[in-house]
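J.: In my numbering, the protein residues as written are 121 to 378.
Just so it is clear, CB atoms sit at the ideal spot from N, CA and C, and this is done for glycine as well.
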Amino acid sequence: MENSPNQAWNTDLYQSSHSFVWQYGESLLDLLSPKSGERILDLGCGTGQLTNAIAKRGATTLGTDADADMIAQAQKNFPELQFEVADARYFVMPDAVDAVFSNAVLHWIQEQDWVAERIWQALKPGGRFVAEFGGKGCIQSILDAIHIVRSNLGYGQTTAAPWYFPSVGEYATLLEQQGFEVSLATLFDRPTPLEGETGLANWIFMFAGRFLGDLTMDQQAAVIKAAEDWLRPSMYQNGRWIADYRRLRVVAIKHQTI
121 MENSPNQAWN TDLYQSSHSF VWQYGESLLD LLSPKSGERI LDLGCGTGQL
171 TNAIAKRGAT TLGTDADADM IAQAQKNFPE LQFEVADARY FVMPDAVDAV
221 FSNAVLHWIQ EQDWVAERIW QALKPGGRFV AEFGGKGCIQ SILDAIHIVR
271 SNLGYGQTTA APWYFPSVGE YATLLEQQGF EVSLATLFDR PTPLEGETGL
321 ANWIFMFAGR FLGDLTMDQQ AAVIKAAEDW LRPSMYQNGR WIADYRRLRV
371 VAIKHQTI
């Protein structure tokens, strides 16, 4: 889970209430199809659950994340695996890998051309890049609600959203410009249950805290309550919140040069 400017991660809350982040990523492993003997980089590994799942399929893994607390928790969770603090925009692999895997990470990074170049350099010729992250329209209802209720409460507009949610065409073009051949690119809805009555509030604190950072604790509570009231008719179903996630899934190949 790569860090972003002004985004602080609560590793306990991440593991206890947002396990959907890596649980949904498990289906992506079938596209990755790790094999025994392969070396695979898990870029933005968070607390290491998917790095471990890749290793269980026989590959040698390295998990990296820009957040030191996430890496410390990953090392605690899976002490037999290798983890390092590294920023996806700047990392350098001493030896090329067979695949780069990334789940629920890239939407946190604005400098996507830098990341694509780093991934390209990390891969062996013939290597593959398999990723999933937020796509165009992801969590739009939640973002709209936060903007509206802040304005209604007289707290002014929020800062710009920290996320990169591209369309299929936008991201496929970026990869092709780097030299990749994109073999799969698909955008799809993934309505995502949030745990418990406080699921929406927990989500906002975990992933959208920067939109509250200029407010007092009482003002933050007022924004959360107003956002819940605004979204309840459309997003609260059968006793739980359902976030309007949209995901972009890609597979791209670094073909061998002639």
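1. Would A186 and A206 be called neighbours here (beta carbons separated by less than 8 Å)?
2. Using 8 Å for Cβ pairs, my map puts E200 next to I191. What's the rounded Cβ distance?
3. Is the number of C-beta pairs between the region 278–294 and the region 246–260 that are closer than 8 Å three or more?
4. Quick one: which unbroken beta strand (DSSP E) runs of 3-plus residues sit fully inside the region 215–294? Chain order, please.
5. From S369 to L307, what distance separates their C-alpha atoms?
6. Could you tell me the alpha carbon to alpha carbon distance between F325 and G246, rounded to whole angstroms?
7. Between which two residues does the beta strand (DSSP E) containing T381 stretch?
8. Could you give the distance in angstroms between the alpha-carbon of A347 and the alpha-carbon of I262?
9. How about G183 and C165: do their beta carbons lie closer than 8 Å?
10. To the nearest whole angstrom, what separates the beta carbons of A363 and W323, a pair I think is in contact under 8 Å?
11. What's the gap between the Cα of W361 and the Cα of F327?
12. State the DSSP-derived secondary structure class of Q297, mapped to helix, strand or coil.
T.: Once the coordinates are examined:
1. By one-based count along the sequence shown, residue 186 stands at place 66. By one-based count along the sequence shown, residue 206 stands at place 86. In this structure, the beta-carbon distance from A186 to A206 falls below 8 Å.
2. Position 80 of the sequence shown, counted from the first residue, corresponds to residue 200. Position 71 of the sequence shown, counted from the first residue, corresponds to residue 191. Contact between E200 and I191 fails: their C-beta atoms lie close to 15 Å from each other, not under 8 Å.
3. Yes, the region 278–294 is in contact with the region 246–260.
4. Fully enclosed beta strand (DSSP E) runs of 3 or longer: 217–223, 243–254.
5. Mapped onto the sequence shown, residue 369 falls at position 249. Mapped onto the sequence shown, residue 307 falls at position 187. With the sequence shown as reference, residue 369 is identified as Arg, and Ser is not the correct amino acid for it. Straight-line Cα distance between these residues: approximately 7 Å.
6. As a first step, residue 325 is located in the sequence shown; it is residue number 205 there, counting from the start. As a first step, residue 246 is located in the sequence shown; it is residue number 126 there, counting from the start. A straight-line Cα-Cα distance of about 41 Å links F325 and G246.
7. The chain is shown from 121 up to 378; residue 381 falls before or after that span and cannot be answered.
8. Locating residue 347 in the sequence shown gives position 227, where the first residue counts as 1. Locating residue 262 in the sequence shown gives position 142, where the first residue counts as 1. In this structure, the alpha-carbon of A347 lies about 8 Å from that of I262.
9. As a working note, residue 183 is residue 63 in the sequence shown. As a working note, residue 165 is residue 45 in the sequence shown. Taking 8 Å as the Cβ cut-off, G183 and C165 qualify as a contacting pair.
10. For this step, residue 363 is matched to residue 243 along the sequence shown. For this step, residue 323 is matched to residue 203 along the sequence shown. Going by Cβ atoms, the distance from A363 to W323 rounds to 6 Å, so yes, they are a contact pair.
11. Your numbering for residue 361 matches position 241 in the sequence shown. Your numbering for residue 327 matches position 207 in the sequence shown. Distance between the alpha carbons of W361 and F327: 15 Å.
12. As a position in the sequence shown, residue 297 is number 177, starting the count at 1. Correct three-state label for Q297: helix.
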